[in-house]
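Residue numbering for the sequence shown is 0 to 328, as defined by numbering that gives the first Met the number 0. Here's the structure, in structure tokens; my notes come after.
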Amino acid sequence: MSRSSIPDTGVLFVQLGTPDDPSEAAVRRYLAEFLSDRRVVDLPRWFWLPLLHGRILRSRPRQSALLYQQIWRSDGLSPLLYYTRQQSEAVAQALRDSQILVHFAMRYGNPALPVMLQAMQQAGIQRLLIFPLFPQYSAATTATILDAVQAAYASSRCIPVLRFAQPFFAHPAFLEAWCQQIRQQSDPSQFDFVLFSFHGLPQRHVDQGDPYAQQCQQTAQAIAQRLDLPNERWQLTYQSRFGREPWLLPATEQRLQELPAQGIRNLLVICPGFVSDCLETLEEIGVRGQETFLHAGGEYFQRVACLNENPGWLTALEQLTRQELAGWL
Numbered sequence: 000m001s002r003s004s005i006p007d008t009g010v011l012f013v014q015l016g017t018p019d020d021p022s023e024a025a026v027r028r029y030l031a032e033f034l035s036d037r038r039v040v041d042l043p044r045w046f047w048l049p050l051l052h053g054r055i056l057r058s059r060p061r062q063s064a065l066l067y068q069q070i071w072r073s074d075g076l077s078p079l080l081y082y083t084r085q086q087s088e089a090v091a092q093a094l095r096d097s098q099i100l101v102h103f104a105m106r107y108g109n110p111a112l113p114v115m116l117q118a119m120q121q122a123g124i125q126r127l128l129i130f131p132l133f134p135q136y137s138a139a140t141t142a143t144i145l146d147a148v149q150a151a152y153a154s155s156r157c158i159p160v161l162r163f164a165q166p167f168f169a170h171p172a173f174l175e176a177w178c179q180q181i182r183q184q185s186d187p188s189q190f191d192f193v194l195f196s197f198h199g200l201p202q203r204h205v206d207q208g209d210p211y212a213q214q215c216q217q218t219a220q221a222i223a224q225r226l227d228l229p230n231e232r233w234q235l236t237y238q239s240r241f242g243r244e245p246w247l248l249p250a251t252e253q254r255l256q257e258l259p260a261q262g263i264r265n266l267l268v269i270c271p272g273f274v275s276d277c278l279e280t281l282e283e284i285g286v287r288g289q290e291t292f293l294h295a296g297g298e299y300f301q302r303v304a305c306l307n308e309n310p311g312w313l314t315a316l317e318q319l320t321r322q323e324l325a326g327w328l
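Here is the structure:
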């Protein structure tokens, strides 16, 4: 291979993270790293760290491991890791003629972000696009990746030219991929109601300027319009509350309990804040969410799978990547 054929430009897709396996020990390691991040839990360290390394990491890993075991793939991979790898490989294949090196990393867990940044550097990458796989920006997701990248290069004498991909919550290709996925799996017009469930966030974070909730609203509104859903037949909700302080409302779990009493018998749930299925979509919504709705009197519940390996999404992701690489291709 000639020197000119060796890639000097790279793309690193980054997801939130996953345990290495669904064991209690692996989940404990993952949660310890995840919940120690100040961007994720910004409570005073003197208060939070003793609580985390005491009661929380003694009890929560066992509970979470049981949930992970329900959704873990038979090939030994978590769904999030599997789909992120597939998405990365699809873009790598699409860009194979452009001399672009494409990899993926996890902010927490493996493949670890610092390790993959080092691998990119060792491969001779001089220009690097960091692409967080979060449609909507939040300090608890996108910003912590930026923090980790900065920390990884803090002592480096040679830093590549860096770009960070923009949130794509309103990008037409992303929205159309979701509409395609929804139409392939369901007919929204045949349901009494549609919930758009996004991962929650403390209300305090939004009050302090985090644009996450506004971007979630824009995503849900745009998809609903493309599906011709009247405003009275859909609602945005927030899931996965953690801790005792007020989080964004309305809460998905509460609405699942309330809707049957309001005459909603057939419910469609869509999670457009997640590009890949994971614990929060497969188990929290697909298992517990369904149980909550049916137990409350609902008759039929359907969750639309996340974008995962949807061909329209893989094409959209390639398009988004090419746009972010403008001038480098």
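Virtual Cβ for every residue (Gly too), placed ideally from N, Cα, C.
Rounded to whole angstroms, what is the Cα-Cα separation between residue i and residue j?
i, j, result
"leucine 112", "isoleucine 144", "8 Å"
"glycine 50", "arginine 321", "Per the sequence presented here, residue 50 reads as leucine, with glycine not at that position. Their Cα atoms are separated by approximately 44 Å."
"glutamate 282", "glutamine 184", "19 Å"
"tyrosine 136", "leucine 247", "15 Å"
"tryptophan 71", "serine 77", "5 Å"
"aspartate 209", "alanine 138", "7 Å"
"arginine 95", "glutamate 298", "48 Å"
"leucine 66", "phenylalanine 173", "29 Å"
"leucine 267", "glutamine 69", "22 Å"
"glutamine 85", "glycine 311", "14 Å"
"glutamine 189", "arginine 264", "11 Å"
"glutamine 165", "glutamate 323", "8 Å"
"cysteine 157", "glutamate 244", "43 Å"
"proline 134", "arginine 240", "19 Å"
"phenylalanine 33", "valine 40", "9 Å"
"alanine 89", "glutamate 317", "8 Å"
"alanine 104", "alanine 260", "44 Å"
"histidine 52", "phenylalanine 192", "42 Å"
"methionine 119", "arginine 162", "14 Å"
"arginine 287", "leucine 319", "34 Å"
"arginine 254", "aspartate 206", "23 Å"
Identify, in the order they occur along the chain, each residue of the same chain with its Cβ nearer than 7 Å to the Cβ of residue i, setting aside the five sequence neighbours on each side.
i, result
"glutamine 217", "Phe168, Ala169"
"alanine 7", "For the record, residue 7 in the displayed sequence is aspartate; it is not alanine. Closer than 7 Å at Cβ, skipping near neighbours: Gly123, Ile124, Gln125, Arg126."
"glutamine 256", "Thr291, Ala295"
"leucine 56", "Arg27, Leu30, Ala31"
"cysteine 25", "Note on residue identity: the sequence assigns alanine, not cysteine, to residue 25. Excluding residues within five positions, the ones whose Cβ falls inside 7 Å are Pro18, Asp19."
Nearest to residue i by alpha carbon, out of the options?
i, options, result
"leucine 278", "Glu23, Gly16, Pro249", "Gly16"
"arginine 54", "Thr291, Arg27, Pro210, Pro166", "Arg27"
"valine 160", "Val148, Pro171, Pro166", "Val148"
"isoleucine 99", "Leu34, Tyr29, Ile269, Phe12", "Phe12"
"asparagine 109", "Gln92, Arg37, Tyr81, Phe192", "Tyr81"
"threonine 314", "Pro171, Ala260, Gln261", "Pro171"
"arginine 203", "Leu79, Ile5, Leu42, Phe33", "Leu42"
"threonine 83", "Leu200, Arg106, Ser155", "Arg106"
"leucine 200", "Gln213, Val193, Asp191", "Gln213"
"glutamine 180", "Ile5, Arg225, Ile129, Ser155", "Arg225"
"phenylalanine 195", "Gln220, Ser35, Leu235", "Leu235"
"alanine 64", "Ala221, Ala153, Ile129, Pro21", "Pro21"
"valine 101", "Leu128, Asn230, Gly75", "Leu128"
May I ask you to list the residues that DSSP assigns as paired with residue i?
i, result
"leucine 258", "None, per the DSSP bridge assignment."
"alanine 104", "Val13"
"glutamine 238", "His198"
Leaving out five residues on either side along the sequence, give the residues of the same chain with a beta carbon under 6 Å from the beta carbon of residue i.
i, result
"glutamine 223", "Inspection of the sequence shows that residue 223 is occupied by alanine rather than by glutamine. Closer than 6 Å at Cβ, skipping near neighbours: Trp233."
"phenylalanine 197", "Cys215, Tyr237, Gly272"
"proline 131", "Val13, Thr141, Ile144"
"arginine 302", "Val268, Ile284, Gly285"
"serine 58", "none"
Under 8 Å Cβ to Cβ from residue i, same chain only, skipping five residues before and after it: list those, please.
i, result
"aspartate 227", "Ser188"
"proline 60", "Glu23, Ala24, Val26, Arg27, Leu30"
"alanine 151", "Leu112, Pro113, Leu116, Gln117"
"arginine 2", "Annotation note: pLDDT 43 at arginine 2 (below 50); position unreliable, coordinate value reported separately. The answer is none, since no qualifying residue turns up."
Please tell me whether, using a cut-off of 7 Å, the distance from the CB of residue i to the nearest non-hydrogen atom of the ligand HEM is below it.
i, result
"aspartate 209", "The ligand HEM is not part of this structure, which contains no ligands at all."
Step through the CB atoms of chain B and report whether any lies within less than 8 Å of the CB of residue i.
i, result
"serine 63", "As a matter of chain content, chain B is missing from the structure shown, which is built from one protein chain."
Quick one: any contact between the stretch 270-277 and the stretch 299-306, if contact means 3 or more CB pairs under 8 Å? The stretch 270-277 makes contact with the stretch 299-306; the number of CB pairs closer than 8 Å reaches 3 or more.
Cβ pair count under 8 Å reaching 3, the stretch 174-183 against the stretch 102-121: No contact exists between the stretch 174-183 and the stretch 102-121.
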